[in-house]
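Position 9, counted from 1, in the sequence shown is what our numbering calls 9; the numbers after and before it change by one each time, with no gaps.
All C-beta atoms in this analysis are idealised placements derived from N, C-alpha and C, irrespective of residue type, glycine included.
Note sheet for the following structure.
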Amino acid sequence: MSDENTPVGADAASGTLWGHPRQLWMLLAVTAGFNYSFYGYRAYLAPYIAEHFYGGLSAAAAQRHADLLASGFLALLYTTPIVGGYVADKILGEARAVRLSLWLNLVALLLMAQSTLFGFEIGMALCALTVGLNIPLTVLIGRNYADDDPRREGG
Numbered sequence: 001m002s003d004e005n006t007p008v009g010a011d012a013a014s015g016t017l018w019g020h021p022r023q024l025w026m027l028l029a030v031t032a033g034f035n036y037s038f039y040g041y042r043a044y045l046a047p048y049i050a051e052h053f054y055g056g057l058s059a060a061a062a063q064r065h066a067d068l069l070a071s072g073f074l075a076l077l078y079t080t081p082i083v084g085g086y087v088a089d090k091i092l093g094e095a096r097a098v099r100l101s102l103w104l105n106l107v108a109l110l111l112m113a114q115s116t117l118f119g120f121e122i123g124m125a126l127c128a129l130t131v132g133l134n135i136p137l138t139v140l141i142g143r144n145y146a147d148d149d150p151r152r153e154g155g
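See below:
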């Protein structure tokens with residue numbers, strides 16, 4: 001296991017901003033950006049798929065195909081954290097898993113911007129994988145505090 005999974009509370013206490021470790025603010029910004037990406041496009045996903053990829057079908061058929069694809073994607077979003085948590089705990093470590101998830105999320109969003117259905121589907125699958133690998137982000141936030149700090153579990 002890598003040593004980057006050790007608590008950093010003692011080191012983080014030397015550099016604080018508003019009484020919290022400076023690294024916390026960077027992690028919170030990453031969390032906010034990732035969550036904006038994660039939740040921001042989901043509301044428009046099925047209508048976008050129906051209009052751009054199934055526009056040649058009737059409206060009802062296009063919506064059915066789009067709903068099926070979007071529902072499968074959402075199912076993957078909620079199952080990949082099981083695998084992602086295992087990979088982060090046993091293979092990569094929390095920090096590496098989060099870094100990898102952020103870079104893969106960038107690639108996934110670029111693939112989802114493709115004009116082909118295949119590129120879009122690959123991007124969606126990669127995006128679901130990044131959600132699973134991003135699970136340790138909350139662990140990293142907690143590790144900024146010492147073990148006896150009441151804020152560690154209170155956040």
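- It is roughly 45 angstroms from the alpha-carbon of Tyr-48 to the alpha-carbon of Gly-15.
- When C-alpha distances from Phe-53 are compared across Glu-121, Leu-77 and Ala-32, the shortest belongs to Glu-121.
- Fully contained in the region 57–121 are the following alpha helix (DSSP H) runs of length 4 or more, in chain order: 59–87 and 94–112.
- Ranked by Cα distance from Asn-105, the options Cys-127, Gly-84, Arg-96 and Tyr-86 are led by Cys-127.
- Taking the Cα of Ala-95 as reference, the smallest distance to any Cα among Ala-70, Tyr-36, Thr-138 and Gly-56 is reached at Thr-138.
- Just measuring C-alpha positions, the residue of Ser-37, Val-30, Leu-45 and Arg-99 sitting nearest Leu-133 is Arg-99.
- Linking Ala-59 to Arg-42 through their CA atoms gives a straight-line distance of about 20 angstroms.
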